[in-house]
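Number of protein chains: 2
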Amino acid sequence: MAIESPTFSPLYRQIKDLLIQALQAGEWQPGEAIPSENELAVRFGVSQGTVRKAVDELAAEHMLIRRQGKGTFVATHDDPRSFFRFLRLVSNTGSVEPSISVPLECVRGRAGQEASRVLSMEVGEPMVMVRRLLKFGDKPVVLDEIYLRGELFVGLNLEVLQSWEGSLYSLFESRFGVRMIRATEKIRAIAADRNSAEVLCVAENTPLLSVERVSHTYGDKPVEWRRGLYLTTEHVYLNELG
Amino acid sequence: MAIESPTFSPLYRQIKDLLIQALQAGEWQPGEAIPSENELAVRFGVSQGTVRKAVDELAAEHMLIRRQGKGTFVATHDDPRSFFRFLRLVSNTGSVEPSISVPLECVRGRAGQEASRVLSMEVGEPMVMVRRLLKFGDKPVVLDEIYLRGELFVGLNLEVLQSWEGSLYSLFESRFGVRMIRATEKIRAIAADRNSAEVLCVAENTPLLSVERVSHTYGDKPVEWRRGLYLTTEHVYLNELG
DNA sequence: AAGTGGTCTAGACCACGTC
DNA sequence: ACGTGGTCTAGACCACTTT
């Protein structure tokens, strides 16, 4: 008679956790292929079908990407599909303009009360703050203020940001080994203050979206706190209610 | 030598489509249990595992709900979990207040150019327009203007709306047999005009979220076009980026 | 005890991509 | 031709709910 574990978890979920551990440890880099299902089945001592179910869940959560005939790959923020998962902004007209990130400021400091609460840090721990502007074509559309756990982003500065071609998450992933997995956004409507209005080239008190985001990496660890001001005269925040 | 169908679709997806058809036809009502996996396997002449995969997908899309030991049930908007899928508004404080729907107006008319385009109708086809206010506690928070395909909602009027306890989608589902499956929202920040400001009890030009929604029923048929004005001083629109 | 969904296995075959 | 993921099957057993 076996004692039931109080927190029973099926085999495929244990395999899933092992895979997440391996991903977190960097055993396979973003963009690389992981071993085939059969190899993983042998490695973990389970059937191929059980590995399959674990991989299925990770693929559904966008941590892995399956490609029939080729293999299963570690997801990467370089992938253009990943862009729109984390920036749900499209043009009113539906036309697709490329966005350009313009870093404005990058300063290091210590966590205040609010930041430490949101990022599960102690007050006074090192932090990095980034301000940047996002342009669609010539027009400034998003003003972001980004707070990051300092210990994870040593060496991040304005120069690094300015010389990087690509998305921020792409940079974080390849330069600092921090992969954003999921995020939560809180959206409000606010009036532009003098400073934001100036940067976004609109009149003071123009209504803006305030998008507050907390991003998490493996193990649901919060690593980024971000507040974006979105100008929505020519763009829209798109959301699917599935 | 068989000719390959150009639009190959695996067995479980065909089963899935058959299940959707049955749901659409109302073979099983919202809240009811559908036949067991084994029964369905016999009925469709496939293995239980194939039925399982079809049901898995429908459960992932919230059309069915699995309950171990009990059976698989047709999803219903009466379920409180369904509420927050389609109204992603929570209090700033995190406290959960119940929301009350106050119908203001219900008029019938004919589709204009914009409405007909969004709902894939012909200009001039019958429509119903509903205006309603959503209150959290005593406070008005959302002003909705809702356009529905008239032919699907015969008998919908202000009296029906006022006498209904529960969500709109709950009413649509049980009274008119129209189940909303998924929706797309476009979010902007705008300034309250005189009328909206008055109804929401705020000053003119107060920033509001403009949430434009198109809801779809089975077969991705658009049946509702809705524009909500959200007051976000004490509430937030919550979104998960998975 | 019986019925439901949930897990796990093993094996066969298909579709896709590469060599 | 071969290796990959994708589908389908059949059967065993587990966990949960109801009778």
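In the order they appear, the protein sequences are chains S and W.
If you count the first sequence from 1, you need to add 40 to reach this note's numbering.
If you count the second sequence from 1, you need to add 40 to reach this note's numbering.
The C-beta atom is built at its ideal place from N, Cα and C for all residues, glycine as well.
Chain S contact residues for residue i, given Cβ-Cβ distances below 7 Å
| i | result |
| --- | --- |
| VAL276(W) | LYS226, ILE227 and ARG228 |
| ALA223(W) | LEU281 |
| THR272(W) | ARG228 and ALA229 |
| PHE126(W) | LEU281 |
Cβ neighbour criterion (16 or more within 10 Å) applied to residue i
| i | result |
| --- | --- |
| ALA42(W) | Residue confidence is low: ALA42(W) scores 38 on pLDDT, short of 50, so the model does not pin down where it sits. No coordinate-derived value is stated. |
| GLU77(S) | buried |
| GLU79(W) | exposed |
| LYS56(W) | buried |
| ARG172(S) | buried |
| CYS241(S) | exposed |
| ARG128(W) | buried |
| ARG107(S) | exposed |
| GLU44(W) | For GLU44(W), the pLDDT reaches just 41, beneath the cut-off of 50, and the residue's location in the model is therefore unreliable, although a value from the coordinates is still provided. By the neighbour-count rule (16 or more Cβ atoms within 10 Å), GLU44(W) is not buried but exposed. |
| THR90(S) | buried |
| PHE176(S) | buried |
| GLY268(W) | buried |
| ALA284(S) | Outside the displayed span of chain S (41 to 282) sits residue 284(S), for which this structure offers no information. |
| SER49(W) | exposed |
| ARG219(S) | buried |
| ARG228(S) | buried |
| GLU213(S) | buried |
| ASN132(S) | exposed |
| VAL181(W) | buried |
| ILE140(S) | exposed |
Residue i in three-state terms, based on DSSP
| i | result |
| --- | --- |
| LYS110(W) | coil |
| ALA81(W) | helix |
| ARG53(S) | helix |
| ASN132(S) | coil |
| GLU213(W) | helix |
| MET41(W) | Here MET41(W) scores only 36 on pLDDT, less than 50, and its place in the model is too uncertain to base an answer on. |
| ALA62(S) | helix |
| THR90(S) | helix |
| ALA99(W) | helix |
| LEU208(S) | helix |
| PRO138(S) | coil |
| GLU154(W) | helix |
| SER255(W) | strand |
| PRO262(S) | strand |
| PRO143(S) | strand |
| ALA115(W) | coil |
Residue of the options minimising C-alpha distance to residue i
| i | options | result |
| --- | --- | --- |
| GLU225(S) | VAL276(W), ASP260(W) and SER203(W) | VAL276(W) |
| LEU63(S) | ASP178(S), GLY217(S) and PHE84(S) | GLY217(S) |
| THR246(S) | GLU238(S), GLU252(S) and ARG253(S) | GLU238(S) |
| THR272(S) | ASN279(S), LEU248(S), ASP119(S) and GLU154(S) | LEU248(S) |
| PRO70(S) | ASP96(S), ALA115(S), GLU97(S) and ARG53(S) | ALA115(S) |
| VAL251(W) | GLU199(W), MET103(W) and GLU185(W) | GLU185(W) |
| SER236(W) | LEU144(W), ASN279(W) and ALA151(W) | LEU144(W) |
| GLN61(S) | VAL170(S), THR257(S), ALA243(S) and LEU159(S) | THR257(S) |
| PHE123(W) | ASP260(W), SER210(W) and GLN54(W) | SER210(W) |
| GLU154(S) | ARG148(S), ASN132(S), GLY164(S) and CYS146(S) | GLY164(S) |
| ARG53(W) | PRO75(W), GLY66(W), ASP96(W) and ARG83(W) | ASP96(W) |
| GLU264(S) | ASP178(S), LEU278(S), GLY282(S) and ILE221(S) | ILE221(S) |
| GLY111(S) | SER141(S), SER87(S), ALA94(S) and PRO75(S) | PRO75(S) |
| ARG215(S) | LEU201(S), LEU98(S), ARG234(S) and ARG125(S) | LEU201(S) |
| PHE193(W) | VAL158(W), VAL147(W) and ASP233(W) | VAL147(W) |
| GLY149(W) | VAL136(W), MET161(W), LYS179(W) and MET167(W) | MET167(W) |
| PRO120(W) | GLY206(W), LYS93(W) and VAL142(W) | GLY206(W) |
Per-residue contacts from residue i into chain S (C-beta, under 9 Å)
| i | result |
| --- | --- |
| GLU101(W) | GLY282 |
Beta-carbon neighbours of residue i, restricted to chain W and to distances below 8 Å
| i | result |
| --- | --- |
| LEU249(S) | ILE227, ARG228, ALA229 and LEU249 |
Which ranges would you report for the beta strand (DSSP E) in the region 161-205 of chain S if only whole runs of at least 3 residues count?
166-176 and 179-189
Every unbroken beta strand (DSSP E) inside the region 210-250 of chain S [3 residues or more]:
222-231
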